[in-house]
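Participant: First, the structure itself, so that you have it in front of you.
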Amino acid sequence: MDLAISDHFCVFFDVCMSPHIQNRYMSVRRRVINNGTGLLFEQALSHTPSQPSDCADDLMIHFNSRMTHIMDNITPLKTKRVTDNQKAPRKLNPVVKLLKRECRKSERMWRKSKLQIHYQIHKEMLGKYNLEISKARQSFFSNIINRNINNARVLFSTVEKLTNPSSQLLSELSSVNKCNDFASFFKGKIDKIRLNIASQLQIAQNLEPLAVKRGDLNLMPTFSLVDYCNGLPKKTIKQLQLIQNAAARVLTRTKRSDHITPVLMSLHWLPVSYRIDFKALLLVFKSLNGMGPNYLFDMFQLYAPIRSLRSLQKNLLVEPVLRTKCGEAAFSCYAVKLWNQLPEDIKNAPTVGSFKSRLKTKLFSDAFC
Numbered sequence: 011m012d013l014a015i016s017d018h019f020c021v022f023f024d025v026c027m028s029p030h031i032q033n034r035y036m037s038v039r040r041r042v043i044n045n046g047t048g049l050l051f052e053q054a055l056s057h058t059p060s061q062p063s064d065c066a067d068d069l070m071i072h073f074n075s076r077m078t079h080i081m082d083n084i085t086p087l088k089t090k091r092v093t094d095n096q097k098a099p100r101k102l103n104p105v106v107k108l109l110k111r112e113c114r115k116s117e118r119m120w121r122k123s124k125l126q127i128h129y130q131i132h133k134e135m136l137g138k139y140n141l142e143i144s145k146a147r148q149s150f151f152s153n154i155i156n157r158n159i160n161n162a163r164v165l166f167s168t169v170e171k172l173t174n175p176s177s178q179l180l181s182e183l184s185s186v187n188k189c190n191d192f193a194s195f196f197k198g199k200i201d202k203i204r205l206n207i208a209s210q211l212q213i214a215q216n217l218e219p220l221a222v223k224r225g226d227l228n229l230m231p232t233f234s235l236v237d238y239c240n241g242l243p244k245k246t247i248k249q250l251q252l253i254q255n256a257a258a259r260v261l262t263r264t265k266r267s268d269h270i271t272p273v274l275m276s277l278h279w280l281p282v283s284y285r286i287d288f289k290a291l292l293l294v295f296k297s298l299n300g301m302g303p304n305y306l307f308d309m310f311q312l313y314a315p316i317r318s319l320r321s322l323q324k325n326l327l328v329e330p331v332l333r334t335k336c337g338e339a340a341f342s343c344y345a346v347k348l349w350n351q352l353p354e355d356i357k358n359a360p361t362v363g364s365f366k367s368r369l370k371t372k373l374f375s376d377a378f379c
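In structure tokens:
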């Protein structure tokens with residue numbers, strides 16, 4: 011030990027730590043009992059032989075063992091590992107639980123058959139489930155207010171929870187620096203695309219005019235990357251539009267001083283912003299019709315009004331309520347707004363091909379007409 015160094019000095023340092031939230035798990039055992047369980051139990055009980063005995067304890071033990079054996083054969087115990095999180099009381103409502111079970115059953119049937127009739131059944135069940143959830147939620151908070159009509163503290167805390175819900179994201183994930191890093195990731199992608207496209211344009215400029223007029227996009231494979239950056243600011247998407255404009259001028263031998271809109275129209279190219287909308291709406295259509303991943307389908311919620319309104323037949327989606335402009339750029343909000351603005355004939359297209367054809371026709375007219 012060096013005696014010249016004293017241990018009475020403070021050492022200051024910063025440590026970045028994220029709280030580790032560990033979910034507690036518990037095992038739940040249950041039996042699935044439906045309408046036919048009672049009939050099966052009665053039939054099995056009628057075929058059970060009796061055991062003559064004069065001892066009441068032996069008769070009770072025999073009866074309990076036979077009942078347990080019959081129940082295990084008809085409705086065996088199932089063990090499930092679930093998180094030990096308390097559910098909202100409104101979700102424990104028997105009617106809500108029954109509708110949730112029926113809704114999942116209809117969803118499995120629709121995903122298995124891919125039939126339109128099963129999709130309509132699932133859509134109706136989902137509307138009933140959302141309506142019952144709203145009623146249970148309204149009843150739950152009404153009971154809280156009625157029980158604490160003279161308790162201002164409970165009333166104000168309830169209103170605070172409803173108006174300012176706690177964020178489920180960690181503080182370091184919702185910081186401004188993290189948002190800027192996420193945006194910088196896409197900006198770096200765009201810069202990389204612009205660097206890669208320069209060599210492709212130089213090759214295309216040296217081709218013969220007849221070969222160039224064909225407009226073969228295989229000459230420039232990097233163009234498939236210009237329509238996936240949804241949610242970015244307009245100034246960032248403008249850089250991608252400049253790439254498309256330069257490619258259109260090369261393919262058509264157009265001068266830099268000529269207007270680019272007639273050129274894009276002659277090539278039947280949608281501008282980049284409309285290409286982004288096209289891809290987002292195509293993902294929504296595939297997700298709602300069982301052709302997309304489950305996490306995208308769970309992101310959307312079909313609009314089910316409380317009363318019987320004409321909007322029920324318009325195949326609308328529930329728009330999430332957000333308070334920031336950055337949040338509105340998210341796919342869950344941006345795609346829903348675009349979908350609700352589509353005409354009925356496009357949303358109700360029977361196939362993916364017809365949907366793409368009708369959607370491109372509409373976007374083409376919006377862009378150039």
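Counted the way this note's numbering counts, the sequence shown spans residues 11 to 379. Note that the Cβ used here is the ideal one computed from N, Cα and C, for glycine as well.
1) Would you report the Cα separation of Leu55 and Arg39, rounded to the nearest angstrom?
2) Val42 lies in the alpha helix (DSSP H); which residues open and close that run?
3) In its own chain, which residues sit with a C-beta less than 7 Å from the C-beta of Asn158, not counting the 5 before and 5 after it?
4) Would you give the residue range spanned by the alpha helix (DSSP H) that His79 belongs to?
5) Which of the three DSSP states is assigned to Leu352 in this structure?
6) Identify the residues that DSSP records as bridge partners of Thr271: which are they?
7) Between the Cα of Asp287 and those of Pro59, Ser167, Thr371 and Asn45, spot the shortest distance and give me the residue it belongs to.
8) If you draw a straight line from the C-alpha of Cys379 to the C-alpha of Met275, how long is it?
9) Using only the alpha-carbon positions, how far apart do Tyr139 and Lys122 sit?
10) Quick check: what's the CA-CA separation for Thr361 versus Arg118?
11) I need the straight-line Cα distance from Thr89 to Asn156, nearest angstrom please.
12) Alpha carbon to alpha carbon, what distance is there between His132 and Trp120?
13) Quick check on DSSP: helix, strand or coil for Lys88?
14) Determine, using beta-carbon pairs with one atom in the stretch 287–303 and one in the stretch 346–364, whether at least three such pairs fall under 8 Å.
15) Could you spell out the range, first to last residue, of the alpha helix (DSSP H) harbouring His132?
16) Give the straight-line distance between the Cα atoms of Ser75 and Gly46, rounded to the nearest whole angstrom.
17) Given 8 Å as the limit, is there contact between the stretch 106–116 and the stretch 58–68, that is, 3 or more CB pairs closer than that?
18) Take Ala193 as the anchor and find which of Pro281, Phe295 and Cys336 has the nearest alpha-carbon.
19) If you compare alpha carbons, which of Met81, Ala340, Ser37 and Met36 is closest to Thr58?
20) Between Asp68 and Val42, what straight-line distance do the alpha-carbon atoms span, to the nearest angstrom?
21) List the whole-angstrom C-beta distance separating Ile200 from Thr246, where the pair is believed to meet the contact cut-off of C-beta under 8 Å.
22) Given Asn358, which residues of its chain have a CB within under 8 Å of its CB, disregarding the five upstream and five downstream residues?
23) According to DSSP, is Ser116 part of a helix, a strand, or is it coil?
24) If we ignore side chains and look at the alpha-carbon of each, how far apart do Ser260 and Thr271 end up?
25) Where do the ends of the alpha helix (DSSP H) carrying Ser3 lie?
26) Ends of the alpha helix (DSSP H) at Gly337?
27) Tell me whether the beta-carbon of Ile71 lies closer than 9 Å to the beta-carbon of Leu50.
Facilitator: The short version:
1) Rounded to the nearest angstrom, the gap between the Cα atoms of Leu55 and Arg39 is 24 Å.
2) Note, Val42: premise wrong, no alpha helix (DSSP H); not H, not E.
3) If the five residues before and after Asn158 are omitted, its C-beta is found closer than 7 Å to the C-beta atoms of Val164 and Leu165, all from its own chain and listed in chain order.
4) His79 -> alpha helix (DSSP H) spans Ala66 to Ile84.
5) Correct three-state label for Leu352: coil.
6) Answer by DSSP bridge pairing: none, since Thr271 is not bridged.
7) Here the closest residue by C-alpha is Thr371.
8) Each residue's Cα considered, the two are about 10 Å apart.
9) Distance between Tyr139 and Lys122, taken at the CA atoms: about 21 Å.
10) When rounded, the distance between both Cα atoms is 21 Å.
11) Taken atom to atom, the span from the alpha-carbon of Thr89 to that of Asn156 is near 39 Å.
12) About 7 Å.
13) Residue state for Lys88 is assigned as strand, using DSSP reduced to three classes.
14) With a cut-off of 8 Å, the stretch 346–364 and the stretch 287–303 count as touching, because enough Cβ pairs lie within range.
15) In the DSSP assignment, His132 falls within the alpha helix (DSSP H) that extends over Gln126 to Arg157.
16) If you take the alpha carbons of Ser75 and Gly46, they lie about 22 Å apart.
17) The stretch 106–116 is not in contact with the stretch 58–68.
18) If we check each option's Cα against that of Ala193, Cys336 comes out closest.
19) Distances from the alpha-carbon of Thr58 to those of Met81, Ala340, Ser37 and Met36 put Met81 closest.
20) In a straight line, the C-alpha of Asp68 is about 30 Å away from that of Val42.
21) Ile200 to Thr246, Cβ: 6 Å. Contact.
22) The residues are Asn325.
23) Ser116: helix per DSSP, three-state reduction.
24) Per the sequence presented here, residue 260 reads as Val, with Ser not at that position. Computed Cα separation, rounded: 14 Å.
25) Residue 3 is absent from the model: the chain starts at 11 and stops at 379.
26) Where Gly337 is concerned, the enclosing alpha helix (DSSP H) stretches over Lys335 to Glu338.
27) Going by C-beta atoms, Ile71 is not nearer than 9 Å to Leu50.
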